[in-house]
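For reference, the structure discussed in these notes is given below.
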Amino acid sequence: MQKLSVRGFDIYKGLLDQPMQQALVEAVRDVARAAPVFSPMTPYGKPMSVKMTSAGAFGWVSDRSGYRYANTHPNGQNWPAIPQNILDIWDRVSGSTRPPECCLMNFYGEDARMGMHQDRDEANFAEPVVSVSLGDDGLFRIGNREKGGSTESIWLSSGDVVVMGGDARLTYHGVDRIRFGTSQLLSKGGRLNLTLRVVT
Ligand code: SIN
Ligand code: FE2
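For my numbering, add 19 to where a residue sits in the sequence shown, where the first one is 1.
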């Protein structure tokens with residue numbers, strides 16, 4: 020394990036070993052059985068390139084009326100509880116005394132990406148965001164607290180964990196591309212990102 024700091028983000032390279040990564044994939048499969056993965060519609064009328072589902076009291080949804088937290092899946096059911104092995108990662112790295120209320124699960128296929136954005140729909144920016152990378156490598160770009168300006172990029176690999184907190188809580192970030200087929204973790208390839216947040 021190697022801990023890096025890039026623009027205030029703490030990046031734990033190789034925090035999660037292979038058996039742990041496999042157990043996390045199993046846990047995500049269990050969640051996806053109860054809360055099926057969907058392709059959210061953007062407010063611009065184009066489906067997002069990532070597919071998603073959530074666990075916890077709140078899930079993240081997007082449709083023509085915008086992005087927001089919702090306490091039910093688009094199918095009307097409550098989100099499943101956040102699996103214990105995912106909560107354990109939060110306890111290891113977040114430094115928070117509160118439990119996460121949302122675990123967003125994003126699936127990136129070969130051509131998926133995530134544009135530069137801030138995570139700013141939560142009520143308390145003193146609480147960090149914890150992001151877990153599984154499967155194929157993803158090129159993670161880190162910008163600034165304001166839109167634009169210079170950026171730095173780092174490849175995130177399976178088992179890496181990023182903590183976006185403190186002064187960097189509102190720093191812009193995104194995923195430019197996936198290096199498809201770089202990991203054997205997911206049988207069909209692709210990247211899985213778990214994002215843990217306190218919402219209220
Ligand atoms: C996000 O910021 O929403 C996802 C980050 C990632 O996929 O690594
Ligand atoms: Fe984000």
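For every residue, glycine included, the Cβ atom is placed at its ideal position computed from N, Cα and C.
Fair warning: this is a prediction, and the values are worked out from it, not measured in the lab.
Legend entry - Backbone secondary structure at P38 - three-state DSSP: If DSSP states are grouped into helix, strand and coil, P38 belongs with the helices.
Legend entry - For R111, the residue or residues it bridges with in DSSP: Paired residues: none, contrary to the question.
Legend entry - Rounded C-alpha distance that separates G128 from S177: For G128 and S177, the distance between alpha carbons rounds to 15 Å.
Inset, instruction - Consult DSSP for V21 and reduce its assignment to one of helix, strand or coil. - result: One point to set straight first is that residue 21 is Gln, not Val, in the sequence displayed. Q21 falls in the strand class under three-state DSSP.
Inset, instruction - Using alpha carbons as the reference points, say which of I173, A76, D179 and N163 lies closest to M20. - result: That would be D179, whose Cα lies nearest to the Cα of M20.
Inset, instruction - Check whether the Cβ of T170 lies closer than 8 Å to any heavy atom of ligand 2, and answer yes or no. - result: No.
Inset, instruction - Classify K70 as buried or exposed, calling it buried when 16 or more other Cβ atoms lie within 10 Å of its own Cβ. - result: Label assigned to K70: buried.
Inset, instruction - Please confirm whether D155 and S206 have their CB atoms less than 9 Å apart. - result: No.
Legend entry - Closest Cα partner of R197 within the set A89, M67, F126 and N163: Just to set this straight, residue 197 is Ile in the shown sequence, not Arg. The shortest CA-to-CA distance from I197 to any of A89, M67, F126 and N163 is the one to F126.
Inset, instruction - Can you have a look at H192 and say buried or exposed, based on whether 16 or more other CB atoms are within 10 angstroms of its CB? - result: With 16 or more other Cβ atoms from the protein chains shown falling within 10 Å of its own Cβ, H192 counts as buried.
Inset, instruction - State the beta-bridge partners of S81 as determined by DSSP. - result: S81 is bridged to Y86.
Legend entry - Per DSSP, cross-strand counterpart(s) of E171: Looking at the DSSP assignment, E171 forms a beta bridge with I161.
Inset, instruction - Would you mind working out which of V181, G114, L153 and R216 sits nearest V208, comparing C-alpha positions? - result: One detail in the question is off: residue 208 reads as Gly in this sequence, not Val. When only C-alpha atoms are compared, the closest one is L153.
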